[in-house]
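J.:
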Amino acid sequence: MLSIENLKSAYGRIEVLHGVTLNVAVGEIVTLIGANGAGKTTLLHAISGVQPITGGAIKFDGKPIEQMPAHLRVPLGISQVPEGRQLFEPLSVKDNLRLGAWSRTDDFEADLARIRAMFPMLEAMWDKPAGNLSGGQQQMLAIGRALMAKPKLLLLDEPSMGLAPNLVDHVLAVIRALKDEGLTILLVEQNAAAALAIADRAYVLETGRITLSGSAAEIRADRRVQDAYLGI
53 MLSIENLKSA YGRIEVLHGV TLNVAVGEIV TLIGANGAGK TTLLHAISGV QPITGGAIKF
113 DGKPIEQMPA HLRVPLGISQ VPEGRQLFEP LSVKDNLRLG AWSRTDDFEA DLARIRAMFP
173 MLEAMWDKPA GNLSGGQQQM LAIGRALMAK PKLLLLDEPS MGLAPNLVDH VLAVIRALKD
233 EGLTILLVEQ NAAAALAIAD RAYVLETGRI TLSGSAAEIR ADRRVQDAYL GI
């Protein structure tokens, strides 16, 4: 579904991605592991089109999209849950979700009901400003908003950041359920152990370069990964 070849990206004259190559197949959860500053968020932004690239290729469903504006990538089926959620805080939960469907021309009321059922803790806050939500509720709303676009590929950037352990478990369970429904997911997650537990495959990104790739089990068993990211 997603194919990235020798991707490069920079902020001004400072190159951040130095020729990244990775692939995500239909129906997979692929996780991207790396330290802060490794370029993980930059890579997701390059895929979604909000970060310019300076070289390389991005193909989605076999189509080159590296020169395509971000707003045209969403109708193709790419949706991102950004780090920090980036909700429209003065707007209600319901209106944030409706904005997630901005690119659709069909009736999406059934999807609103689906998100409501998927995240029952949003129910009591349905008509309240998103800024009034707890961190966990905001994360669920951010995921729900991305799902309202009916994506084929969901880009998840640090979905467990700042959440209590029980809420982390809930978010990870939702991610697993979405995969079971057939959604393809590229997951950036600071909790490497949790990410590897639900992923099919993994890449390790260090200072803008892929240094290791393989099945989640292979990456989890690698001594370098255990020392650097798993603490075992």
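Residue numbers for the sequence shown follow the numbering used here, so the first one is 53 and each next one is one higher. For each residue, glycine too, the CB sits at the ideal point set by N, CA and C.
#1: Per DSSP, what kind of secondary structure is Lys115 in: helix, strand or coil?
#2: Assuming Gly260 and Val68 are in contact, meaning their beta carbons sit under 8 Å apart, how far apart are those beta carbons, in whole angstroms?
#3: Since Gln191 and Leu215 are thought to touch, with beta carbons under 8 Å apart, how far apart are those beta carbons, to the nearest angstrom?
#4: Going along the chain, which residues of its own chain have a beta-carbon closer than 7 Å to the beta-carbon of Lys60, five neighbours each way excluded?
#5: If you check the beta carbons only, do Ala254 and Ile85 fall under 8 Å apart?
#6: Rounded to the nearest angstrom, what separates Ile271 and Phe160 at their Cα positions?
#7: Which residues share a DSSP beta bridge with Val240?
#8: With a CB to CB cut of under 6 Å and the five nearest residues on each side skipped, what residues in its chain are close to Ile195?
#9: With burial defined as no fewer than 16 other Cβ atoms inside 10 Å of the residue's Cβ, what is the status of Pro121: buried or exposed?
#10: Looking at the strands, I want to know which residues DSSP matches up with Arg228.
#11: Is it true that the CB of Lys202 sits closer than 8 Å to the CB of Met53?
#12: Name the one or two DSSP bridge partners that Pro258 has.
#13: Tell me the DSSP secondary structure of Gly71 in three-state form.
#14: If you draw a straight line from the alpha carbon of Gly183 to that of Arg125, how long is it in whole angstroms?
#15: Rounded to whole angstroms, what's the CA-CA distance from Gly91 to Gln242? Just pull it up for me.
#16: Kindly list the residues whose CB is nearer than 7 Å to the CB of Glu141, restricted to its own chain and excluding five residues on each side of it in sequence; keep chain order.
#17: Can you round the beta-carbon distance between Val78 and Thr236 to whole angstroms, since I take them to be within the 8 Å contact cut?
#18: Among the residues of its own chain, which have a CB less than 7 Å from the CB of Gly129, if the five just before and after it don't count?
#19: Would Ala247 pass as a contact of Leu239 if the rule is Cβ separation under 8 Å?
#20: So, under 8 Å CB-CB, Leu139 and Leu193 are touching, yes? Tell me the CB distance rounded to an integer number of Å.
#21: How many angstroms separate the CA atom of Gly47 from the CA atom of Glu80?
#22: Give the secondary structure of Ala122 by DSSP, where H, G and I count as helix, E and B as strand, and everything else as coil.
#23: Does the distance from the C-beta atom of Thr83 to that of Ala280 stay below 8 Å?
#24: According to DSSP, simplified to helix, strand and coil, what is Pro181?
T.: In this structure, then:
#1: Within the sequence shown, residue 115 is the residue found at index 63, counting from 1. Correct three-state label for Lys115: strand.
#2: Your numbering for residue 260 matches position 208 in the sequence shown. Your numbering for residue 68 matches position 16 in the sequence shown. The pair is a contact, with the Cβ atoms about 5 Å apart (cut-off 8 Å).
#3: As a position in the sequence shown, residue 191 is number 139, starting the count at 1. As a position in the sequence shown, residue 215 is number 163, starting the count at 1. Confirmed, Cβ separation roughly 6 Å.
#4: Numbered from its first residue, the sequence shown carries residue 60 at position 8. Excluding five sequence positions before and after Lys60, the CB atoms of its chain that fall closer than 7 Å to its own CB belong to Glu67, Leu69, His70, Gly71, Ile105, Thr106, Gly107, Gly108, given in chain order.
#5: As a working note, residue 254 is residue 202 in the sequence shown. As a working note, residue 85 is residue 33 in the sequence shown. Contact: yes.
#6: On the sequence shown, position 219 is the one that residue 271 refers to. On the sequence shown, position 108 is the one that residue 160 refers to. Distance from the CA atom of Ile271 to the CA atom of Phe160, rounded to whole angstroms, is 39 Å.
#7: Counting from one through the sequence shown, the residue named residue 240 turns up at place 188. Answer by DSSP bridge pairing, in chain order: Leu84, Asp209.
#8: Taking the first residue of the sequence shown as 1, we reach residue 195 at position 143. Val133.
#9: Counting from one through the sequence shown, the residue named residue 121 turns up at place 69. Exposed: under 16 other Cβ atoms inside 10 Å.
#10: Along the sequence shown, read from residue 1 onward, the residue named residue 228 stands at position 176. Its beta-bridge partners do not exist; DSSP assigns none.
#11: The residue you call residue 53 lines up with position 1 of the sequence shown. The residue you call residue 202 lines up with position 150 of the sequence shown. Going by C-beta atoms, Met53 is not nearer than 8 Å to Lys202.
#12: Taking the sequence shown and counting its residues from 1, one reaches residue 258 at position 206. First, the amino acid is wrong: residue 258 is Glu here, not Pro. DSSP, once it has assigned bridges, lists Arg261 as partnering Glu258.
#13: Residue 71 sits at position 19 when you count from the first residue of the sequence shown. In this structure, Gly71 counts as strand in the three-state DSSP scheme.
#14: The count along the sequence shown starts at 1 and reaches residue 183 at position 131. The count along the sequence shown starts at 1 and reaches residue 125 at position 73. Within the model, the alpha-carbon separation for Gly183 versus Arg125 is close to 28 Å.
#15: In the sequence shown, the residue the question calls residue 91 occupies position 39. In the sequence shown, the residue the question calls residue 242 occupies position 190. Rounded to the nearest angstrom, the two C-alpha atoms are 13 Å apart.
#16: Along the sequence shown, read from residue 1 onward, the residue named residue 141 stands at position 89. Within the same chain, Glu141 has close Cβ partners Pro181, Ala182, Gly183.
#17: Against the sequence shown, residue 78 aligns to sequence position 26. Against the sequence shown, residue 236 aligns to sequence position 184. With a Cβ gap of about 6 Å, Val78 and Thr236 count as contacting.
#18: Indexing the sequence shown from 1 puts residue 129 at position 77. Excluding sequence neighbours, Gly129 sits near Pro203, Lys204, Leu205.
#19: Residue numbering aside, residue 247 sits at position 195 when the sequence shown is read from its first letter. Residue numbering aside, residue 239 sits at position 187 when the sequence shown is read from its first letter. It is a contact, given that the beta carbons lie within the stated cut-off.
#20: In the sequence shown, residue 139 corresponds to position 87, counting from 1. In the sequence shown, residue 193 corresponds to position 141, counting from 1. Right, their Cβ atoms sit about 6 Å apart.
#21: In this structure the chain extends from 53 to 284, so residue 47 is not present and cannot be described.
#22: Residue 122 sits at position 70 when you count from the first residue of the sequence shown. DSSP places Ala122 in helix when its eight states are reduced to three.
#23: Residue numbering aside, residue 83 sits at position 31 when the sequence shown is read from its first letter. Residue numbering aside, residue 280 sits at position 228 when the sequence shown is read from its first letter. No, they are not a contact pair.
#24: The residue you call residue 181 lines up with position 129 of the sequence shown. It is a strand residue.
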